[in-house]
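Numbering (my numbering), first residue to last: 300 to 680.
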């Protein structure tokens, strides 16, 4: 449904849905060929419905929350005002008993469609046929393909995020439902006024990187440190103070870790004189269970990376807009990239010893995201 109005769905440009579906299927096939277990949100929601009544009941409960019935406000108020008896009669059609009865009769795919489109049905008397007419509104979860943002997977476990855009708020509960169904614990959640989106987070051994700026904020980072949800000895807070552009909304739009000593990074950000530079505040934990305290502040990002032993493969601004930085590291420097020239550039770098596979993802990048955006690693073996 988001393709009907791309801008309102937070998309970059119009979307060819058939091409996007095919590209995502090919991406999943590539991941599976490389030995990963891959599940889509729809597959998780549908799993176990035929064998386990509990799974069916849980899905119906979720659909109850996502489906709304109400008495129509126009032109029906005149009818309600003129005839209280009619209004009382129609209240049964907007009650939970009727809604529950409807959902219990649906197929599993129907229930999932209800969950993913969040319908609101407004009913009004028709005075003929069944005596009821209705209008329908939808608030579809048009960005759920990007499963990176609703949570982060830290050294401690899964922490649910807090998303900025109102179009995406329901995604948190959907993903939490999926983790519960898979038996994967959720150790916590960022609370308002904290904002956290998973595209801003990168684990890196005893260090992790967390971007703050347009989407995530420092309030969320402080919550994560105070509750020790990061689980690392150090936290590098990468601050976007001077840019905050939609094309570079998350840290994974401008940076990605390829190996223990190699990264890609948007070259325009590099250097202390860059007008769009990122600055790093580093926090270090005292002891295994101690609190975090500021150990370094306002270090230019590329300088910080060099000091940490990383070699930087620079990406041009033109290539960054083609999602050159938004690649996926499957471990052991096995990289999937959706920008052909950058895939070749990585392979030619003397600092990179891994493998790179290129896949076309151009239909999905129309939705303002790419490969890293549309994955979430929930268990590292």
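Using N, Cα and C, we set each Cβ at its ideal position, and we do this for glycine too.
Query: Between the CA atoms of residue 645 and residue 657 - distance to the nearest angstrom; Result: 11 Å
Query: Complete runs of the beta strand (DSSP E) confined to the region 508-593 [at least 3 residues]; Result: 533-538, 554-558, 561-565 and 578-584
Query: Whole-Å CB distance - residue 413 paired with residue 362, under 8 Å assumed; Result: 5 Å
Query: Buried versus exposed, by CB contacts within 10 Å (16 or more), residue 510; Result: buried
Query: Whether residue 485 touches residue 459 by CB criterion (8 Å); Result: yes
Query: Three CB pairs or more closer than 8 Å across the region 534-541 and the region 619-627; Result: no
Query: Simplified DSSP assignment, three categories, for residue 363; Result: helix
Query: Neighbour-count burial assignment, residue 371, 16 or more Cβ in a 10 Å radius; Result: buried
Query: Those residues which DSSP pairs with residue 599 across a bridge; Result: 578
Query: Secondary structure of residue 402, DSSP reduced to three states; Result: helix
Query: Inter-stretch contact (C-beta, 8 Å, three-pair minimum) for the region 488-495 and the region 453-473; Result: yes
Query: Outcome for residue 300 when other beta-carbon atoms lying within 10 angstroms are tallied against a minimum of 16; Result: exposed
Query: Beta strand (DSSP E) segment containing residue 613, residue limits; Result: 610-614
Query: Spatial distance of residue 631 from residue 504 (CA atoms); Result: 13 Å
Query: Under the three-state DSSP convention, the category residue 369 falls into; Result: strand
Query: C-beta atoms of residue 567 and residue 538 nearer than 8 Å; Result: no
Query: Proximal residues to residue 341 (C-beta, below 7 Å), its chain only, five neighbours per side dropped; Result: 411
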